[in-house]
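One rule links them: number in my numbering = place in the sequence shown (from 1) + 31.
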Amino acid sequence: MNIEIRKLTPELTTDYLHFFDTTPHATNKEEHKCYCIWWSNDDIEGKDFSSVEKRRDLATNYIKGNNIQGYLAYCDNIVVGWCNTNTKSDCFKCYCWRNFMSSVHTEESSPEIKVKSIFCFAIAPEMRGKGIAKLLLEQVCKDAKTDNFDFVEAYPNKKFINEAEDFMGPVALYEKTGFTVCYETEQKLVMRKSLK
């Protein structure tokens, strides 16, 4: 199995959309297809997320505007996985941060500290358990180091709930990749990997 990891660019928009159009994830209900727009560096004010079509169109615009950032995993030129990652401080006004991350610290010990956050993994069902999330995570860390980030930060649930709720990846994935627990919230662990 040959897996290739590619950074999301506007040229890969069609591949990205096709992955979310055709790959079951989260609840596997058509009306819940997210196109991963909930985690972005855009302000949610005035945005309409009410239908699959609107979320798909917004995803196209977000990719062109570099609001959604991340990596696609390919097997034989077909997308089989996705990781949403972005600069932490740029995402405080996105939908999910505003609604689910209030217990995660937003201020660093120094304003010069740059943190890359891991927000979501989506892996094609037939490719789960094959190490694709680990490959995506390793590429995030490699590129974040090259881009002069100080840390990569992740927010896994303390305990497994279900696939729909555990889209941020399992604790073991991060532990195997050199992350350690910084602190805990009621539901989550905040884990970091130092890049310097």
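Note that beta-carbon positions come from the ideal geometry of N, C-alpha and C, so glycine has one too.
Candidates the options: which alpha carbon is nearest residue i's?
i	options	result
aspartate 173	Val221, Ser225, Tyr126	Per the sequence presented here, residue 173 reads as lysine, with aspartate not at that position. Nearest C-alpha to lysine 173: Ser225.
arginine 37	Cys114, Glu196, Phe198	Cys114
glutamate 138	Ile154, Asp121, Cys127, Phe150	Asp121
proline 55	Gly160, Ala155, Phe191, Val111	Ala155
serine 133	Glu157, Ile34, Glu215	Glu215
glutamate 217	Glu157, Leu89, Val135, Glu194	Val135
Using the rule of at least 16 other Cβ atoms within 10 Å of the residue's Cβ for burial, across every protein chain shown, is residue i buried or exposed?
i	result
serine 82	exposed
asparagine 92	exposed
methionine 32	exposed
threonine 116	buried
lysine 60	exposed
glycine 96	exposed
alanine 238	There is simply no residue 238 to check, as the chain begins at 32 and stops at 227 in what is shown.
proline 41	exposed
phenylalanine 150	buried
proline 187	buried
glycine 112	buried
glycine 200	buried
So is residue i in contact with chain C if we call contact Cβ pairs under 8 Å?
i	result
threonine 116	The chain labelled as chain C is not found in the depicted structure, where only one protein chain is given.
For residue i, name the three-state secondary structure that DSSP assigns.
i	result
isoleucine 163	helix
valine 202	helix
tyrosine 126	helix
leucine 103	strand
cysteine 67	coil
glutamate 217	coil
threonine 45	helix
serine 225	strand
alanine 185	strand
Can the beta-carbon of residue i be found closer than 8 Å to that of residue j?
i	j	result
serine 24	lysine 119	Missing from the structure shown is residue 24; the chain here goes from 32 to 227 and no further.
arginine 223	threonine 211	yes
alanine 175	tyrosine 205	no
cysteine 125	asparagine 72	yes
phenylalanine 182	phenylalanine 152	no
isoleucine 75	threonine 44	no
glycine 101	leucine 168	no
glutamate 127	tryptophan 69	The sequence shown places cysteine at residue 127, rather than the glutamate named in the question. A contact, by the Cβ cut-off of 8 Å.
Suppose you measure from the CA of residue i to the CA of residue j; what does that come to, to the nearest Å?
i	j	result
asparagine 130	alanine 104	28 Å
isoleucine 109	tyrosine 47	10 Å
isoleucine 34	lysine 227	28 Å
isoleucine 192	leucine 220	14 Å
glutamate 84	phenylalanine 50	15 Å
glycine 162	aspartate 79	35 Å
arginine 159	lysine 64	19 Å
glutamate 143	cysteine 67	28 Å
asparagine 98	aspartate 52	20 Å
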